[in-house]
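Worksheet for the structure shown next.
Protein chains: 2
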Amino acid sequence: MLSPTDLAAKYRSNGRKLTPQRKLIFQLLHENEMHPTAELLFAEASAQMPGISLRTVYQTLSELVEMGELQMIDIGGGATRFDPNLGDHHHVVCVDCGQIRDVHVSGVSALRPSGAEDFVISEVGVVFQGVCSSCEKSRVKTVKSSRAKSPALQAKSSK
Amino acid sequence: MLSPTDLAAKYRSNGRKLTPQRKLIFQLLHENEMHPTAELLFAEASAQMPGISLRTVYQTLSELVEMGELQMIDIGGGATRFDPNLGDHHHVVCVDCGQIRDVHVSGVSALRPSGAEDFVISEVGVVFQGVCSSCEKSRVKTVKSSRAKSPALQAKSSK
DNA sequence: TATTTGTTCGCACGAATTGCTAATTAGAAA
DNA sequence: TTTCTAATTAGCAATTCGTGCGAACAAATA
Numbered sequence: 015m016l017s018p019t020d021l022a023a024k025y026r027s028n029g030r031k032l033t034p035q036r037k038l039i040f041q042l043l044h045e046n047e048m049h050p051t052a053e054l055l056f057a058e059a060s061a062q063m064p065g066i067s068l069r070t071v072y073q074t075l076s077e078l079v080e081m082g083e084l085q086m087i088d089i090g091g092g093a094t095r096f097d098p099n100l101g102d103h104h105h106v107v108c109v110d111c112g113q114i115r116d117v118h119v120s121g122v123s124a125l126r127p128s129g130a131e132d133f134v135i136s137e138v139g140v141v142f143q144g145v146c147s148s149c150e151k152s153r154v155k156t157v158k159s160s161r162a163k164s165p166a167l168q169a170k171s172s173k
Numbered sequence: 015m016l017s018p019t020d021l022a023a024k025y026r027s028n029g030r031k032l033t034p035q036r037k038l039i040f041q042l043l044h045e046n047e048m049h050p051t052a053e054l055l056f057a058e059a060s061a062q063m064p065g066i067s068l069r070t071v072y073q074t075l076s077e078l079v080e081m082g083e084l085q086m087i088d089i090g091g092g093a094t095r096f097d098p099n100l101g102d103h104h105h106v107v108c109v110d111c112g113q114i115r116d117v118h119v120s121g122v123s124a125l126r127p128s129g130a131e132d133f134v135i136s137e138v139g140v141v142f143q144g145v146c147s148s149c150e151k152s153r154v155k156t157v158k159s160s161r162a163k164s165p166a167l168q169a170k171s172s173k
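Keeping their order, the protein sequence lines are chains A and B.
Count along the first sequence starting at 1, add 14, and that's the number in our numbering.
Count along the second sequence starting at 1, add 14, and that's the number in our numbering.
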């Protein structure tokens with residue numbers, strides 16, 4: 015995580031200013047391991063800086079992504095989530111509660127796609143889907159209802 | 015791809031009927047390798063069946079997902095895309111034009127995430143990002159404009 | 001034929017995110 | 001330190017992608 019000074023420098027080198035709003039959002043991102051959504055961050059930010067606007071949160075997140083200081087995670091489920099972890103890592107998603115966790119996976123760089131010979135690949139992302147332990151426990155025979163929505167679709171609609 | 019008869023059977027076994035709308039959408043899905051969005055399919059369907067509603071397209075797609083005959087792809091970029099390919103495969107995305115292509119990748123099942131020991135993993139998805147050959151060609155020094163949106167964000171907003 | 005069950009369709013609604021712009025501010029320059 | 005101005009914020013309108021709902025239809029059943 016960038017120090018306040020480095021963050022300021024980063025902004026400056028991008029022709030931008032380090033405002034209190036930006037500083038706060040950056041800090042909140044790094045305090046939160048849960049891959050928060052913009053709305054979530056807005057709620058947290060509002061607590062510490064009443065009056066901050068949701069628009070500013072969205073804007074700041076976009077900028078950070080643009081400056082390479084933040085990664086967007088889009089695994090379905092409605093809102094985009096953000097990950098300040100810039101290191102080499104991947105994600106596991108609980109199909110039940112939707113939590114996303116960072117994981118390390120070895121051997122990813124060795125994967126080769128066949129059928130994309132004409133692509134110049136720049137990045138590879140791996141997403142594991144499963145059920146976390148706490149959801150596993152509370153997983154009664156509710157699974158029965160055959161006409162239930164698929165987890166993916168549930169994620170889409172549940173808010 | 016299911017034959018018309020098998021498709022009807024599938025629907026029947028789910029307590030559903032194979033209507034002309036459903037038949038058409040299923041067919042269009044399998045004629046299209048581009049992982050279309052609901053809107054795209056709606057456009058194509060409208061051409062052959064004027065009056066079909068967008069609502070029906072969404073509904074039909076959800077049903078197919080639910081019945082396991084269709085896969086949702088959510089790789090950011092705004093709208094959900096659909097893939098009728100049920101086989102074991104993964105995807106490459108062109109960060110420039112947004113096209114998605116199916117690819118085969120060996121060794122995926124051997125990947126093990128560390129940091130998710132308490133998860134029961136059920137699926138693994140790999141997404142490669144890169145630039146396709148046609149975009150590579152038309153990729154002039156336009157890359158210069160440092161303040162340009164990141165590809166991911168562009169995908170989000172461009173429609 | 002009457003009834004039940006499943007479908008389609010259109011419209012209203014909702015969530016997530018962006019567009020626009022007037023008012024404000026950070027920070028470089030004087 | 002004060003000045004100056006490009007950058008930024010706030011906030012509301014507008015958009016995009018979907019979903020909920022109810023009425024009109026259609027098809028299978030009794």
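Where a beta carbon is used, it is the ideal one built from N, C-alpha and C, also for glycine.
Can you pull the DSSP bridge partners for residue i?
i                     : result
residue 86 (chain A)  : A:96
residue 118 (chain A) : B:128
residue 51 (chain B)  : B:95
For residue i, does the count of other Cβ atoms within 10 angstroms reach 16, so buried, or fall short, so exposed?
i                     : result
residue 115 (chain B) : buried
residue 59 (chain A)  : buried
residue 146 (chain B) : buried
residue 111 (chain A) : exposed
residue 44 (chain B)  : exposed
residue 26 (chain A)  : exposed
residue 121 (chain A) : exposed
residue 76 (chain A)  : buried
residue 69 (chain A)  : exposed
residue 71 (chain A)  : buried
residue 52 (chain A)  : buried
residue 98 (chain B)  : buried
residue 125 (chain A) : buried
residue 119 (chain B) : buried
residue 134 (chain A) : exposed
Flag residue i as yes if its beta-carbon sits less than 7 Å from any beta-carbon of chain B, otherwise no.
i                     : result
residue 50 (chain A)  : no
residue 143 (chain A) : yes
residue 88 (chain A)  : yes
residue 140 (chain A) : yes
residue 107 (chain A) : no
For residue i and chain A, any beta-carbon pair shorter than 7 Å?
i                     : result
residue 23 (chain B)  : no
residue 27 (chain B)  : no
residue 136 (chain B) : yes
residue 93 (chain B)  : no
residue 102 (chain B) : no
residue 133 (chain B) : yes
residue 152 (chain B) : no
residue 146 (chain B) : yes
residue 172 (chain B) : Residue confidence for residue 172 (chain B) is low, a pLDDT of 36 falling below 50, so the modelled location carries little weight and cannot support an answer.
How would you write the range of the alpha helix (DSSP H) that residue i sits in, first residue to last?
i                     : result
residue 135 (chain B) : Segment 133-146 is the beta strand (DSSP E) holding residue 135 (chain B); no alpha helix (DSSP H) there.
residue 27 (chain B)  : 18-27
What span of residues does the beta strand (DSSP E) with residue i cover, start to end?
i                    : result
residue 71 (chain A) : Run containing residue 71 (chain A): none in the beta strand (DSSP E); it sits in the alpha helix (DSSP H), 68-80.
residue 44 (chain B) : Premise fails: residue 44 (chain B) lies in the alpha helix (DSSP H), 34-45, not in any beta strand (DSSP E).
residue 8 (chain A)  : With chain A covering 15 to 173 only, the question about residue 8 (chain A) has no answer from this structure.
* Against chain B: residues of the region 44-73 of chain A by CB proximity under 7 Å -> Answer set for the region 44-73 of chain A: empty.
* Check distances from the C-beta atoms of the region 114-128 of chain B to those of chain A and list, in chain order, the residues that come in under 9 Å. => 115, 116, 117, 118, 119, 120, 121, 122, 124, 125, 126, 127 and 128
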